[in-house]
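**Student:** Numbering-wise (the working numbering), the sequence shown opens with residue 6 and increments by one.
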Amino acid sequence: MDNIGFFVLNTFLFCTCSASPPNFVLLFADDLGFGDLSCYGHPSSLTPNLDRLAAGGLRFTDFYCTSPVCSPSRASLLTGRYQTRSGIYPGVLYPGSRGGLPLNETTIAEVLKPMGYATAAIGKWHLGVGANGMFLPTRQGFDHYLGIPYSHDMHTHYPQYAGQGAAGRTLRGPFGDALFEFDNTIGNLLTTLEKTGVTNNTLVFFTSDNGPELMRLSRGGNAGPLKCGKGTTYEGGMREPAIAFWPGTIRPGVTHEMASTLDILPTIASLAGAKLPQVMLDGVDMTEILVNQEKSKRETMVFYPTDPAEKYGLFALRLGKYKAHFYTQGATHSGTTPDQDCPVFAVLKAHDPPLIFDLEADPSEHYPLPLTGKPDLQALLERIKKVKEQFEASMVFGESQISKGTDPDLEPCCNPQCSPKPGCCKC
Ligand code: MG
């Protein structure tokens, strides 16, 4: 019925179980939009525990994932690299996919293991299973894994779930109830950290993998003031809520600095004193933003569509407060919105010169800046083009893992010996 998996909370746990260096808890929501949380302005969402994190931690206003869909976004979170490098494109992995996150990619878990960390992944994975489970988290540096390897709508799947403590408790309907359930789970986790006395030595970082699936109407998420949602390279597809919580180390506040899921691996490596992988990383260390609320080292963010190709390159690029769209395209996931740029019938459109928006003055990307007769904006355009050219010269597309296709025999099956698959896997 739906593809709103955000109650399938991803939790990545990295624990030293000692006084120093710190523990890390990464909380990764699924399809949660910029405007979905109470602490991000939603009027009827009930998210007291995430609000508590935001009130006691650092809340980001300009935080980005790297893709408007699940698998590539998750690949970037765990590797600190754009998905085009690791080959997690086009689209997402399926239950019978032959490919997965390549084993020669270095995940956050693999960065931390040499430092003696215990590691666990809980929840949706969506980075492949492969033959004999070769792409599962336990092959990617995690000691433990408990979860489902794909989105819940690719299995027998459930509608948005809310338990007895959450069902019917919010003003927002089924989506709000599921979000409340999700928030309760985070509350339980925070209580456990408090009871075990490790709160002051644990960085908790919360964000989401991509924007809201607007095609689900009121049962999809909400992008707040941002344009479009899941599947698009507009802000609604890739700008996410993000909160960093570490009492005694991170001062409560709000930051408007630009940061990304790409930056989490280098930041964790820095805080743990771990070595960075010897590969081309796209992330930058954001420790100074977290600890001292200083300026970001990140000046640019690039936006690839769900099906990136070398022929087109990046679709958009943010430089400082300006974002330039070289291509725009709607998406099925963002259907039903009244904005005609969002649904799938908004076909691929090239923009030369690019559409440029000032995201500080116009976060909704409503009003492209008029370039004609504006020498300062012409100079900005030239700078943006140069940054784009330099970035694309550094981009080597990895072999597409998703184009390797599917094999029904690889699908997780409740009756592994049955045949023919996948039809017999109905237990
Ligand atoms: Mg998702």
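Backbone N, C-alpha and C define an ideal beta-carbon position, used for all residues, glycine too. Since we're looking at a predicted model, the values are computed, not measured.
For D148, I'd like the list of residues in its chain whose CB is within less than 7 Å of its CB, leaving aside the five on either flank, ordered along the chain.
**Tutor:** Position 143 of the sequence shown holds residue 148. These residues qualify, in order along the chain: A123, T124, A125.
**Student:** What do you get for T161, buried or exposed, if any count of 16 or more other CB atoms within 10 angstroms of its CB means buried?
**Tutor:** To locate residue 161, count along the sequence shown from 1; it is residue 156. The predicted position of T161 is uncertain, since its pLDDT is 34 and thus under 50; a value taken from the coordinates is nonetheless stated next. Answer is exposed; the Cβ neighbour count stays below 16.
**Student:** Between which two residues does the alpha helix (DSSP H) carrying K200 extend?
**Tutor:** Counted from its first residue, the sequence shown places residue 200 at position 195. Run containing K200: 179–200, per the alpha helix (DSSP H) assignment.
**Student:** Which runs of the beta strand (DSSP E) fall wholly inside the region 70–158 and span at least 3 residues, in chain order?
**Tutor:** 123–127, 149–151
**Student:** Would a C-beta distance cut-off of 8 Å place G62 and P246 closer than the cut-off?
**Tutor:** Residue mapping note: residue 62 aligns to position 57 of the sequence shown, counting from 1. Residue mapping note: residue 246 aligns to position 241 of the sequence shown, counting from 1. Going by C-beta atoms, G62 is not nearer than 8 Å to P246.
**Student:** Measuring alpha carbon to alpha carbon, tell me which of T212, M243, L319, F350 ends up nearest V392.
**Tutor:** The sequence position of residue 392 within the sequence shown is 387, counting from 1. Closest by alpha carbon: L319.
**Student:** Are the beta-carbon atoms belonging to L270 and T292 less than 8 Å from one another?
**Tutor:** Residue numbering aside, residue 270 sits at position 265 when the sequence shown is read from its first letter. Residue numbering aside, residue 292 sits at position 287 when the sequence shown is read from its first letter. Taking 8 Å as the Cβ cut-off, L270 and T292 do not qualify as a contacting pair.
**Student:** Would DSSP call I255 helix, strand or coil?
**Tutor:** As a first step, residue 255 is located in the sequence shown; it is residue number 250 there, counting from the start. Of the three classes helix, strand and coil, the one that applies to I255 here is coil, per DSSP.
**Student:** Which of helix, strand or coil does DSSP assign to S43?
**Tutor:** Taking the sequence shown and counting its residues from 1, the one referred to as residue 43 is at position 38. For S43, the secondary structure class from DSSP, reduced to helix, strand or coil, is helix.
**Student:** By the DSSP assignment, the beta strand (DSSP E) with M306 in it spans what residues?
**Tutor:** The sequence position of residue 306 within the sequence shown is 301, counting from 1. The continuous beta strand (DSSP E) containing M306 extends over residues 305–308.
**Student:** Smallest Cα separation from L385: which of L83, E262, G241, P358?
**Tutor:** Counted from its first residue, the sequence shown places residue 385 at position 380. Nearest C-alpha to L385: P358.
**Student:** Can you name, in chain order, every residue of its own chain whose Cβ lies under 6 Å from the Cβ of V74, other than the five neighbours on each side?
**Tutor:** If you number the sequence shown from 1, residue 74 lands on position 69. Same-chain partners within the cutoff: V97, N215, T311.
**Student:** With the cut-off set at 8 Å, would you say R323 and T341 are in Cβ contact?
**Tutor:** Stepping through the sequence shown from its first residue, residue 323 is reached at position 318. Stepping through the sequence shown from its first residue, residue 341 is reached at position 336. Contact: no.
**Student:** For Q88, tell me which candidate among F180, F210, Y45, Y309 has the shortest Cα-Cα distance.
**Tutor:** Residue numbering aside, residue 88 sits at position 83 when the sequence shown is read from its first letter. Nearest of F180, F210, Y45, Y309 to Q88, Cα basis: Y309.
**Student:** C233: beta carbon under 7 Å from a heavy atom of the ligand MG?
**Tutor:** On the sequence shown, residue 233 is found 228 positions in, with the first residue counted as 1. No, the ligand MG has no heavy atom inside 7 Å of this Cβ.
**Student:** Comparing C-alpha positions only, which one of T112, L106, A274 sits nearest to S408?
**Tutor:** Translated into the one-based positions of the sequence shown, residue 408 becomes position 403. Nearest to S408 by C-alpha distance, out of T112, L106, A274, is L106.
**Student:** Could you check the C-alpha separation between R174 and P343 for me, to the nearest Å?
**Tutor:** By one-based count along the sequence shown, residue 174 stands at place 169. By one-based count along the sequence shown, residue 343 stands at place 338. As the crow flies, the alpha-carbon of R174 is around 29 Å from that of P343.
**Student:** Measuring from each Cβ to the nearest heavy atom of the ligand MG, keep the ones under 5 Å and list them in chain order.
**Tutor:** Spelled out in chain order, the answer is D35, D36, C75, D214, N215.
**Student:** How far does the beta strand (DSSP E) with E245 in it extend, from its first residue to its last?
**Tutor:** As a working mapping, residue 245 is identified with position 240 in the sequence shown. Note, E245: beta strand (DSSP E), 244–250.
**Student:** Determine, using beta carbons only, whether T377 and K354 come nearer to each other than 8 Å.
**Tutor:** Counting from one through the sequence shown, the residue named residue 377 turns up at place 372. Counting from one through the sequence shown, the residue named residue 354 turns up at place 349. Contact: no.
**Student:** Within the same chain, show all residues whose beta-carbon is closer than 7 Å to that of E262, passing over the 5 residues directly before and after it, in chain order.
**Tutor:** The residue given as residue 262 occupies position 257 in the sequence shown. Excluding positions up to five away in sequence, the list reads D67, I294, K300, S301.
**Student:** Let me confirm a value: P154 is counted as buried when at least 16 other C-beta atoms fall within 10 Å, else exposed. Which label applies?
**Tutor:** Along the sequence shown, one-based indexing puts residue 154 at 149. Buried: at least 16 other Cβ atoms inside 10 Å.
**Student:** Among the candidates D363, L360, A336, whose CA atom is the shortest distance from the CA of F350?
**Tutor:** As a position in the sequence shown, residue 350 is number 345, starting the count at 1. When each option's Cα is compared against that of F350, the closest is A336.
**Student:** How would you call C432, buried or exposed, if buried means at least 16 neighbouring beta carbons within 10 angstroms?
**Tutor:** What you label residue 432 is simply residue 427 of the sequence shown in a count that begins at 1. Taking all protein chains shown into account, C432 has fewer than 16 neighbouring C-beta atoms within 10 Å of its C-beta and is therefore exposed.
**Student:** Starting from A329, follow the beta strand (DSSP E) in both directions and report where the run begins and ends.
**Tutor:** Counting from one through the sequence shown, the residue named residue 329 turns up at place 324. Counting along the chain, the beta strand (DSSP E) containing A329 begins and ends at 327–333.
**Student:** Which same chain residues end up closer than 8 Å to V13 when comparing Cβ atoms and leaving out the 5 residues on each side of it in sequence?
**Tutor:** Locating residue 13 in the sequence shown gives position 8, where the first residue counts as 1. Because the pLDDT of V13 is 45, which lies under 50, any placement of that residue in the model is unreliable, and the number read from its coordinates should be weighed accordingly. Closer than 8 Å at the Cβ level, and outside the excluded window around V13, lie D35, G128, K129, G152, I153, S156, H157.
**Student:** Please name the residue, chosen from T207, T201, N137, that lies closest to F19 on a Cα-to-Cα basis.
**Tutor:** The sequence position of residue 19 within the sequence shown is 14, counting from 1. Nearest C-alpha to F19: T207.
**Student:** Go ahead and pull the three-state DSSP assignment for N8.
**Tutor:** As a working mapping, residue 8 is identified with position 3 in the sequence shown. Unreliable placement is indicated for N8, whose pLDDT of 29 sits below 50; the coordinate value is still reported in the next sentence. Here N8 sits in coil by DSSP.
**Student:** Taking the straight line between their C-alpha atoms, what separation do you get for R86 and E199?
**Tutor:** The residue you call residue 86 lines up with position 81 of the sequence shown. The residue you call residue 199 lines up with position 194 of the sequence shown. So the alpha carbons of these two residues sit roughly 33 Å apart.
**Student:** Can you name the start and end residues of the alpha helix (DSSP H) that L295 belongs to?
**Tutor:** Within the sequence shown, residue 295 is the residue found at index 290, counting from 1. Start and end: 292–297.
**Student:** Measure the C-alpha to C-alpha separation of P27 and V352 and round it to an integer number of angstroms.
**Tutor:** Working through the sequence shown from its first residue, we reach residue 27 at position 22. Working through the sequence shown from its first residue, we reach residue 352 at position 347. Cα atoms of P27 and V352: separation of roughly 47 Å, rounded to the nearest angstrom.
**Student:** With a threshold of 16 other CB atoms inside 10 Å of the CB of R388, please say whether the residue is buried or exposed.
**Tutor:** As a first step, residue 388 is located in the sequence shown; it is residue number 383 there, counting from the start. Exposed, because fewer than 16 other Cβ atoms sit within 10 Å of the Cβ of R388.
**Student:** Considering only the beta carbon of each residue, do C70 and T260 sit closer than 8 Å?
**Tutor:** As a first step, residue 70 is located in the sequence shown; it is residue number 65 there, counting from the start. As a first step, residue 260 is located in the sequence shown; it is residue number 255 there, counting from the start. Against a cut-off of 8 Å, the Cβ pair of T260 and C70 comes out as no contact.
**Student:** Would you mind giving the Cβ-Cβ distance between P217 and T111, rounded to the nearest angstrom? I have them listed as a contact below 8 Å.
**Tutor:** Walking along the sequence shown from the start, residue 217 turns up at place 212. Walking along the sequence shown from the start, residue 111 turns up at place 106. Not a contact, Cβ separation roughly 31 Å.
**Student:** Where H338 and K235 are concerned, what is the direct C-alpha to C-alpha distance, given to the nearest angstrom?
**Tutor:** Position 333 of the sequence shown holds residue 338. Position 230 of the sequence shown holds residue 235. Spanning the two alpha carbons is a distance of roughly 6 Å.
**Student:** What residues are listed by DSSP as bridge partners for C419?
**Tutor:** Within the sequence shown, the letter at position 414 stands for residue 419. Here C419 is not bridged, per DSSP, to any residue.
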